Amino acid sequence: MSKPKVATDWMAGCAGCHMSLLDIDERLLQVLELIDLRASPITDLKEADESGVVVGVLEGGINNTANEHQARLMRSRCKILVALGDCAVFGGVPAMRNFFTIEESLRRAYIETESTVDGFIPTDPELAVPTRVRAVSEVVPVDIYVPGCPPSADVIFHVLSELAQGRIPEIKDDNLHWH
Amino acid sequence: MYQLKIDDKEIQVPEGTTVLKAAGMAGIDIPTLCDHPALEPYGGCRLCLVEIEGARTLQPACTLPVSDKMVIRTQTDKVKDARKFILSMIFSERNHFCPYCQVSGSDCELQNAAYGEGMTHWPIQPNWKPYPVDASHPYFVLDHNRCILCRRCVRACAELVGNFTLGMEERGANTLLVADLGVPLGSSSCISCGVCVQICPTGALIDRWSAYRGQEKDVSSTKTICLGCSIGCGIEVLHRDNNLIKINGDWDAEINGGVLCDVGRFFPMDEKRNRLVTPMLRKDGSLKAATWDEALSVVMENFKPFINKKENGIAAIASTRLPADVLYYYKQVFEEILGSNMVTSTEEGRYTAVLSEFAEDKGPFESKLSEIHKADTIMTIGLDLTKDHQVAGFFIKRLIPKGTKVIPVSYESSGMDAFTPHSMIIERNEELAFIQALDAAITGADCSEFAEKSGISSQEIIEIANLLDHSQNLVIVYGTDFDAKQKRETVQSLLKLAKKLNAKLISPKGKANSLVAEQLKLNKPFNVNGHKAAYVALGDEDPSQAVIKKLENIPFLVVQASYQSALTAKADVVLPVTTWLEQSGYYVTCDGQVQLANKSLQSPVEVKTNKEVVLAIADRLKIIVNPVWDKAVKLENSVVEID
Chain A
1 MSKPKVATDW
11 MAGCAGCHMS
21 LLDIDERLLQ
31 VLELIDLRAS
41 PITDLKEADE
51 SGVVVGVLEG
61 GINNTANEHQ
71 ARLMRSRCKI
81 LVALGDCAVF
91 GGVPAMRNFF
101 TIEESLRRAY
111 IETESTVDGF
121 IPTDPELAVP
131 TRVRAVSEVV
141 PVDIYVPGCP
151 PSADVIFHVL
161 SELAQGRIPE
171 IKDDNLHWH
Chain B
1001 MYQLKIDDKE
1011 IQVPEGTTVL
1021 KAAGMAGIDI
1031 PTLCDHPALE
1041 PYGGCRLCLV
1051 EIEGARTLQP
1061 ACTLPVSDKM
1071 VIRTQTDKVK
1081 DARKFILSMI
1091 FSERNHFCPY
1101 CQVSGSDCEL
1111 QNAAYGEGMT
1121 HWPIQPNWKP
1131 YPVDASHPYF
1141 VLDHNRCILC
1151 RRCVRACAEL
1161 VGNFTLGMEE
1171 RGANTLLVAD
1181 LGVPLGSSSC
1191 ISCGVCVQIC
1201 PTGALIDRWS
1211 AYRGQEKDVS
1221 STKTICLGCS
1231 IGCGIEVLHR
1241 DNNLIKINGD
1251 WDAEINGGVL
1261 CDVGRFFPMD
1271 EKRNRLVTPM
1281 LRKDGSLKAA
1291 TWDEALSVVM
1301 ENFKPFINKK
1311 ENGIAAIAST
1321 RLPADVLYYY
1331 KQVFEEILGS
1341 NMVTSTEEGR
1351 YTAVLSEFAE
1361 DKGPFESKLS
1371 EIHKADTIMT
1381 IGLDLTKDHQ
1391 VAGFFIKRLI
1401 PKGTKVIPVS
1411 YESSGMDAFT
1421 PHSMIIERNE
1431 ELAFIQALDA
1441 AITGADCSEF
1451 AEKSGISSQE
1461 IIEIANLLDH
1471 SQNLVIVYGT
1481 DFDAKQKRET
1491 VQSLLKLAKK
1501 LNAKLISPKG
1511 KANSLVAEQL
1521 KLNKPFNVNG
1531 HKAAYVALGD
1541 EDPSQAVIKK
1551 LENIPFLVVQ
1561 ASYQSALTAK
1571 ADVVLPVTTW
1581 LEQSGYYVTC
1591 DGQVQLANKS
1601 LQSPVEVKTN
1611 KEVVLAIADR
1621 LKIIVNPVWD
1631 KAVKLENSVV
1641 EID
């Protein structure tokens, strides 16, 4: 049996969930024996194979048109989509800005911050357009939710090893944390 | 008894038990949010829905009384789906994003409930409507974004405290917890008891002091009693790394059942006084740090010439916040060994001495505080229970909606007036006339002369007299804030009236060990005339201006205290002692219950307990004190039975 192909990507998050993935430490070798990690933000290849992967992992919520594209691309190329971490599951910390309008948030970030001099809101047409922050499941269907801010290395190891062995991971008790 | 079956478990429960309580008896856990053991069942959140055989729909376990042969299921798919759906709806209503919430991690009952149901996510996102945050209160913050509208706070404010500050306005998604008619909490009728904060299941009401200083699972907890007054409320002191984090009311405490007032819950948090951490001696006009040995030697040296010199000897005064055993040791050392004629307490018998006079020949005539809970009519006189001994005031206020008639009698309006139509504002210092007027009205005599003197119309006096006369369980809660000249006579006529009406009498007295100080006869007015030295065992109490003034010209002053004060600044020797949280000791409540206060914090290294200091002095005098304090306290008749 060939190793299942896995691809990961990050969107509106802090990269902390991927840091937690690296925190698996020496067990990473065990994981890599079981899976074929094709693409991730921390390896050379950034996008999942066009021919498709078994498991797609997304970190972060969706807060602009570029994230939407990333999420749709991953969904179209994977069989099982994992929302990794509170941002992907609920919107997380970036979703705090949803309590304000996008204009207010942009003005605060680019003009009103205490350290900004002569600030302006970027308008380059090549830039993605900011949107309300959404959980991954609001844009594409999600199969497995792994909450946690970040999910601990043990939880990530549990999820990956279960998937690699052809089982849908069950997240409960000590593995279940949203904070 | 009813026979039921819960999840295939057979159990017998008394009639009237709710399904939730019955499940609890059977050891079956049903998740709840709006329900709280200290409150009446409410049925607001629907998390406790269960399947009842024969019922068309799921039923809330918290409000449904059991019926005979009921078959209840709490773990079916239908029930579990309903729970998840309800939790999803609650999570989606406002900002229930855990990563940035103070209570996330173990203190949040909403989060715990969702963990209990194994929820990895909730499918519906909120509409991101921001709700206001009310940070106007000095002790806590109300964040409407975290509120789940369970109304526990509203019910606690009404059912436990009887203050009715909190309520709800609007409907549906606009429903908002409000104080009074929608004013900021800080300018509302809130009395800062903080019961709402303690009972809030989420992070909607958080206490400023303890916020972000550790989850309840990370901190240590010590059960002890509050020393704020003589009620003796049970508390839980939460501490971490020897820092005081929070004080909660102990839900299991018999006396207060979890309720506390601001004095017990918040005042100790707001401690701003400077701590004394080392003994000090006055050298060349200023206080310098010294060792215990040096300090005690100086005390002995200066006391020696005045031993047994009575009015030319040593005057001593001790705080009524000190443990009972310490007060007894203190009395032995100063009265018996040092032969002082002025050994008293900081209360100087203000609240108790006059009562003891009657107890001497009558024996105990007061009842237990818990009699309040059974009263159908309560009169308060000579005190203001909305200022001191507030928890007793809560007990009274919360009975008003249940039909108990409450008659506060005072010469000035008090916080109680808004809650009862029977409050009596009388002329200052005319309590005696008021009591005499009532007495006359009850016996059918003419009360007009006394009534006029007291400033209340005869008609009103007759109405109140009728109310008292027709009550089944009359309780009179009284203080001794009467005209000094006729204090004795006022108490005497009150006792007479109570006897006539078959009323139970309760007096909350003064500070934590008020009754002990009285029983040990540490009840003289503190007068310093000709005394050559003085010893003030303040503990963690603040010295009163009167005491500071009386000690102005004392040649040699020793102060045993936890904190710096105007008195320690004048002292020749300062002996640093533990605060109430750093020592254990016995306390006797105003109604005679003996309770042990437990030590919850470690004291600074150089600081001794009050007991150690008094015993060290005894040791220097080469005497061994009698440790049997409880016998000494019961030596003379007390106003209330001491157990």
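Protein chains in written order, with the numbering used here: chain A, 1 to 179; chain B, 1001 to 1643. Glycine is no exception: its CB is placed at the ideal position from the N, C-alpha and C atoms. Nothing here was measured: the structure is a model prediction, and the numbers come from that model.
Hey, how far is the Cα of His1137/B from the Cα of Cys1193/B?
Position 137 of the second sequence, counted from the first residue, corresponds to residue 1137/B. Position 193 of the second sequence, counted from the first residue, corresponds to residue 1193/B. The straight-line gap from Cα to Cα measures roughly 12 angstroms.
Give every residue of the same chain whose Cβ lies closer than 7 angstroms to the Cβ of Ala66/A, excluding the five residues on either side of it in the sequence, and list them in chain order.
Sequence index remark: in the first sequence, residue 66/A carries index 66 (1-based). Closer than 7 angstroms at Cβ, skipping near neighbours: Ala128.
Comparing C-alpha positions only, which one of Val1559/B, Asn1256/B, Ser1638/B and Val1633/B sits nearest to Arg1282/B?
On the second sequence, position 282 is the one that residue 1282/B refers to. Looking at the Cα atoms, Val1559/B is the closest of the given residues.
Please confirm whether Asp23/A has its beta-carbon closer than 7 angstroms to some beta-carbon of chain B.
The residue you call residue 23/A lines up with position 23 of the first sequence. No, because no Cβ of chain B sits closer than 7 angstroms to the Cβ of Asp23/A.
Inspect the beta-carbon positions of Gln1198/B and Ser1106/B and report whether they are closer than 7 angstroms.
The residue you call residue 1198/B lines up with position 198 of the second sequence. The residue you call residue 1106/B lines up with position 106 of the second sequence. Not in contact: Gln1198/B and Ser1106/B (Cβ atoms no closer than 7 angstroms).
How would you list, in chain order, the residues of chain B whose beta-carbon sits under 7 angstroms from the beta-carbon of Leu81/A?
Translated into positions along the first sequence, residue 81/A becomes position 81. What Leu81/A touches in chain B: nothing, since even the nearest Cβ is about 13 angstroms away.
How is Ser1562/B classed by DSSP in three states: helix, strand or coil?
In the second sequence, residue 1562/B corresponds to position 562, counting from 1. In this structure, Ser1562/B counts as coil in the three-state DSSP scheme.
Between which two residues does the alpha helix (DSSP H) harbouring His18/A extend?
Sequence index remark: in the first sequence, residue 18/A carries index 18 (1-based). For His18/A, the uninterrupted alpha helix (DSSP H) segment begins and ends at Gly16 to Leu22.
What residues from chain A crowd round Ser1104/B, counting only those whose CB sits closer than 8 angstroms?
For the purposes of this step, residue 1104/B is taken as residue 104 along the second sequence, with counting starting at 1. Going along chain A in sequence order, the residues near Ser1104/B (Cβ under 8 angstroms) are Trp178 and His179.
Residues that Ala135/A contacts on chain B, provided the C-beta gap is smaller than 7 angstroms
The sequence position of residue 135/A within the first sequence is 135, counting from 1. What Ala135/A touches in chain B: Gln1125.
Select from Gly1339/B, Asp1591/B and Ala1440/B the residue whose C-alpha is nearest the C-alpha of Ser1367/B.
Position 367 of the second sequence holds residue 1367/B. Put simply, of Gly1339/B, Asp1591/B and Ala1440/B the residue whose alpha carbon is nearest the alpha carbon of Ser1367/B is Asp1591/B.
Beta-carbon proximity of Thr1377/B to Lys1331/B, cut-off 7 angstroms
As a position in the second sequence, residue 1377/B is number 377, starting the count at 1. As a position in the second sequence, residue 1331/B is number 331, starting the count at 1. Not in contact: Thr1377/B and Lys1331/B (Cβ atoms no closer than 7 angstroms).
Quick check on the DSSP output: the alpha helix (DSSP H) that includes Ile1461/B runs from which residue to which?
To locate residue 1461/B, count along the second sequence from 1; it is residue 461. Where Ile1461/B is concerned, the enclosing alpha helix (DSSP H) starts and stops at Ser1458 to Asp1469.
When you compare the CB positions of Thr1320/B and Lys1511/B, do they come within less than 7 angstroms of one another, or not?
Position 320 of the second sequence, counted from the start, is the residue given in the question as residue 1320/B. Position 511 of the second sequence, counted from the start, is the residue given in the question as residue 1511/B. Yes, the Cβ-Cβ distance between Thr1320/B and Lys1511/B is below 7 angstroms.
Residues of the stretch 66-94 of chain A whose Cβ lies closer than 8 angstroms to any Cβ of chain E, in chain order
Looking for chain E here will not work: the only protein chains present are A and B.
With a threshold of 7 angstroms on Cβ separation, who are the neighbours of Cys1048/B within its own chain once the five nearest residues in sequence on each side are excluded?
Within the second sequence, the letter at position 48 stands for residue 1048/B. Taken in chain order, the residues that qualify are Leu1020, Ile1030, Pro1031, Thr1032, Asp1035, Pro1060, Ala1061 and Cys1062.
Name, going along the chain, the residues of the stretch 1128-1149 of chain B whose beta-carbon falls closer than 7 angstroms to a beta-carbon of chain A.
Going along the stretch 1128-1149 of chain B in chain order, one finds Trp1128 and Pro1130 with a Cβ nearer than 7 angstroms to chain A.
Check the Cβ-Cβ distances between Cys1108/B and every residue of chain A, and say whether any is below 7 angstroms.
Reading the second sequence from its first residue, position 108 is the one you call residue 1108/B. Output row for Cys1108/B: interface = no.
Reduced DSSP secondary structure (H/G/I, E/B, other) of Gly1363/B
Position 363 of the second sequence, counting from 1, holds the residue named residue 1363/B. Collapsing the DSSP output to three states places Gly1363/B in coil.
Is there a Cβ from chain A that is less than 7 angstroms from the Cβ of His1121/B?
Within the second sequence, residue 1121/B is the residue found at index 121, counting from 1. Output row for His1121/B: interface = yes.
Note down, in chain order, each residue of its chain lying with its Cβ closer than 6 angstroms to the Cβ of Val1625/B, except the 5 sequence neighbours on either side.
Start at 1 with the first residue of the second sequence, and residue 1625/B comes out as number 625. Cβ within range, chain order: Tyr1329, Gln1332 and Ala1618.
Per-residue contacts from Phe1097/B into chain A (C-beta, under 9 angstroms)
For the purposes of this step, residue 1097/B is taken as the residue at position 97 of the second sequence. The contacting residues are Asp86, Phe90, Gly91, Gly92, Val93, Ala95, Met96 and Trp178.
Taking Cβ-Cβ distances shorter than 7 angstroms, what residues in chain B pair up with Cys149/A?
As a first step, residue 149/A must be located in the first sequence, where it is residue number 149. Think of a sphere of 7 angstroms around the beta carbon of Cys149/A: the chain B residues whose beta carbon falls inside it are Pro1099, in chain order.
For a contact defined as C-beta to C-beta under 8 angstroms, what are the partners of Glu138/A on chain B?
On the first sequence, residue 138/A is found 138 positions in, with the first residue counted as 1. Here the neighbours are Gln1125.
Taking the alpha-carbon of Ile1461/B as reference, which of Lys1272/B, Ile1442/B and Glu1360/B has the nearest alpha-carbon?
Residue 1461/B sits at position 461 when you count from the first residue of the second sequence. The alpha carbon of Ile1461/B has as its nearest neighbour, out of Lys1272/B, Ile1442/B and Glu1360/B, the alpha carbon of Ile1442/B.
Would you say Phe99/A faces chain B, with C-beta separation under 7 angstroms as the test?
The residue given as residue 99/A occupies position 99 in the first sequence. Judged by the 7 angstroms Cβ criterion, Phe99/A is in contact with chain B.
Measure the beta-carbon distance from Ile1090/B to Leu1110/B and round it to whole angstroms, keeping in mind my assumption that it falls under 8 angstroms.
Translated into the one-based positions of the second sequence, residue 1090/B becomes position 90. Translated into the one-based positions of the second sequence, residue 1110/B becomes position 110. Confirmed, Cβ separation roughly 7 angstroms.
For Lys1504/B, count neighbouring Cβ atoms within 10 angstroms of its own Cβ and tell me buried if that reaches 16, exposed if not.
Residue 1504/B sits at position 504 when you count from the first residue of the second sequence. By the beta-carbon neighbour count (other beta carbons within 10 angstroms, threshold 16), Lys1504/B is buried.
Within this structure, are the beta carbons of Ser20/A and Pro150/A separated by less than 7 angstroms?
Here residue 20/A refers to the residue found at position 20 when the first sequence is read from its first residue. Here residue 150/A refers to the residue found at position 150 when the first sequence is read from its first residue. Cβ atoms of Ser20/A and Pro150/A: closer than 7 angstroms.
Look at the alpha carbon of Leu1399/B and the alpha carbon of Glu138/A, and state the distance between them as a whole number of angstroms.
Here residue 1399/B corresponds to residue number 399 of the second sequence, with the count starting at 1. Here residue 138/A corresponds to residue number 138 of the first sequence, with the count starting at 1. Rounded to the nearest angstrom, the two C-alpha atoms are 51 angstroms apart.
So which residues of chain B does Ile171/A contact, with C-beta pairs closer than 9 angstroms?
Translated into the one-based positions of the first sequence, residue 171/A becomes position 171. Within chain B, the residues near Ile171/A are Gly1118 and Thr1120.
Under 8 angstroms by Cβ, that's how I've got Leu58/A and Leu22/A pegged, so tell me the actual separation to the nearest angstrom.
As a first step, residue 58/A is located in the first sequence; it is residue number 58 there, counting from the start. As a first step, residue 22/A is located in the first sequence; it is residue number 22 there, counting from the start. About 17 angstroms separates the two Cβ atoms, so there is no contact after all.
Tell me, please, which residues DSSP counts as bridged to Ile1506/B.
Stepping through the second sequence from its first residue, residue 1506/B is reached at position 506. Answer is Val1477/B.
Touching by the beta-carbon criterion (3+ pairs, under 8 angstroms), the stretch 1286-1297 of chain B and the stretch 1265-1275 of chain B:
The stretch 1286-1297 of chain B, when compared against the stretch 1265-1275 of chain B, does not touch it at the 8 angstroms Cβ threshold.
Tell me where the beta strand (DSSP E) around Arg134/A begins and ends.
As a position in the first sequence, residue 134/A is number 134, starting the count at 1. Note, Arg134/A: beta strand (DSSP E), Pro130 to Arg134.
Taking contact to mean at least 3 C-beta pairs separated by less than 8 angstroms, is the stretch 1604-1620 of chain B in contact with the stretch 1565-1573 of chain B?
Judged by Cβ distances under 8 angstroms, the stretch 1604-1620 of chain B makes no contact with the stretch 1565-1573 of chain B, as fewer than three pairs qualify.
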